[in-house]
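Report on one structure; see the data block that follows.
Numbering (my numbering), first residue to last: 260 to 500.
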């Protein structure tokens, strides 16, 4: 059974230079970190994107329930079209990318206001910074939790960093991994890919093949998999102590 760690993930990235505020609407609970207080703008953006999703799901309930990709819909709102497209790329249901999509679409609305922005939503991150930051991987009760760290270069942002887990949090996973961390220019894709990769990790022997599978997903630039005291890393990831 999964164990839910109440917002523990919010210490996984260095935000010491920034002002952080929570913005919450029902189950959407964002931490917005920037050089200024963007709470009002973030709330308006979040409300708008949630409304788009809620209205679409009411008309198309299969969007919420499906565990496999659905046909793309050119008439859907932008966030829905992005989720349909990226989930198709990853071979999962559209809601597999919802947390990353919300982070990314709220960020897109705010990026014109600031040079430095980090949005965290359920452990899924979209960021653009003018300085390098260190990210720690939260992996629940794994002995490697918070001990695996990597650098995100400012020149590589905007960037999505999304983590799926079979042991922590409410996300559905058919695997056993404590953490599947995926890096991509698209947070929607990173979130969906983390779910797709995580479904393939049933035991430690699956780590290598899951890494190779994940790197074949177009748009994925790096992956970290943690299962117990074992881990695997592939792609554009610079580990640090």
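Where a beta carbon is used, it is the ideal one built from N, C-alpha and C, also for glycine.
As the structure is a computational prediction, the values presented were derived from the model and not from experiment.
Measuring alpha carbon to alpha carbon, tell me which residue in 324, 327, 326 and 310 is nearest residue 337. That would be 310, whose Cα lies nearest to the Cα of residue 337.
Take residue 448 and list the residues in its own chain whose beta-carbon comes closer than 6 Å to its own, dropping the five residues that flank it on each side. Excluding positions up to five away in sequence, the list reads 345 and 478.
Helix, strand or coil at residue 339 according to DSSP, with G and I counted as helix: Assignment of residue 339 by DSSP, reduced to helix, strand and coil, places it in the helix class.
Three-state class that DSSP yields for residue 366 in the structure shown: Of the three classes helix, strand and coil, the one that applies to residue 366 here is helix, per DSSP.
What does the alpha-carbon distance come out to for the pair residue 290 and residue 274? Cα-Cα distance, rounded: 11 Å.
For residue 278, list the residues DSSP reports as bridge partners. The partner list for residue 278 (beta bridge, DSSP) reads 293.
Look at the alpha carbon of residue 480 and the alpha carbon of residue 494, and state the distance between them as a whole number of angstroms. So the alpha carbons of these two residues sit roughly 6 Å apart.
Taking the C-alpha atoms as reference points, what is the distance between residue 470 and residue 332? Across the structure, residue 470 and residue 332 are spaced so that their CA atoms are roughly 31 Å apart.
Cβ contact (3+ pairs, closer than 8 Å) linking the segment 365–380 and the segment 290–308: At 8 Å Cβ cutoff, the stretches touch.
In angstroms, rounded to a whole number, what distance separates the CA positions of residue 454 and residue 350? Rounded to the nearest whole angstrom, the C-alpha separation of residue 454 and residue 350 is 10 Å.
Can you list, in chain order, the stretches of the alpha helix (DSSP H) that have 4 or more residues and sit fully within the segment 425–486? Those alpha helix (DSSP H) runs which fall completely within the segment 425–486 and span 4+ residues are 446–457 and 466–474.
Who does residue 490 pair with in a DSSP beta bridge? Answer by DSSP bridge pairing, in chain order: 485.
Determine the burial state of residue 334: buried for a count of at least 16 other Cβ atoms within 10 Å of its Cβ, exposed for fewer. Exposed: under 16 other Cβ atoms inside 10 Å.
Minimum length 4: unbroken alpha helix (DSSP H) runs contained in the segment 305–364: Runs of alpha helix (DSSP H) with 4 or more residues, each lying fully within the segment 305–364, are found at 321–324 and 337–349, listed in chain order.
Using the Cα positions of residue 436 and residue 363, report the straight-line distance between them to the nearest angstrom. In this structure, the straight-line span from the alpha carbon of residue 436 to that of residue 363 is close to 25 Å.
Neighbourhood of residue 356 by C-beta, 6 Å cutoff - its chain only, sequence neighbours within 5 removed: 342, 345, 346, 447, 450 and 451, listed in sequence order.
Could you spell out the range, first to last residue, of the beta strand (DSSP E) harbouring residue 409? Residue 409: member of the beta strand (DSSP E) spanning 408–411, first to last residue.
Whose C-beta lies closer than 8 Å to the C-beta of residue 393 among residues of the same chain, with five residues either side of it excluded? 272, 273, 408, 409, 410, 411 and 499.
Can you name, in chain order, every residue of its own chain whose Cβ lies under 7 Å from the Cβ of residue 260, other than the five neighbours on each side? For residue 260, the predicted structure reports a pLDDT of 35, less than 50, and the residue's modelled location is therefore unreliable. The matter cannot be settled from this model.
What first and last residue would you give for the beta strand (DSSP E) that runs through residue 404? In this chain, residue 404 is not harboured by any beta strand (DSSP E), its DSSP state being neither H nor E.
In angstroms with no decimal places, state the Cα-to-Cα distance between residue 462 and residue 473. Rounded to the nearest whole angstrom, the CA to CA distance from residue 462 to residue 473 is 16 Å.
Would the segment 312–327 and the segment 393–407 be scored as touching if the rule is three or more Cβ pairs under 8 Å? Using a C-beta cut-off of 8 Å, the segment 312–327 makes no contact with the segment 393–407, since fewer than three inter-stretch Cβ pairs fall below that distance.
Indicate the three-state DSSP secondary structure (helix, strand or coil) for residue 414 in the structure shown. Three-state DSSP puts residue 414 in a helix.
What did DSSP end up calling residue 286 once you bin it into helix, strand or coil? Coil, per DSSP.
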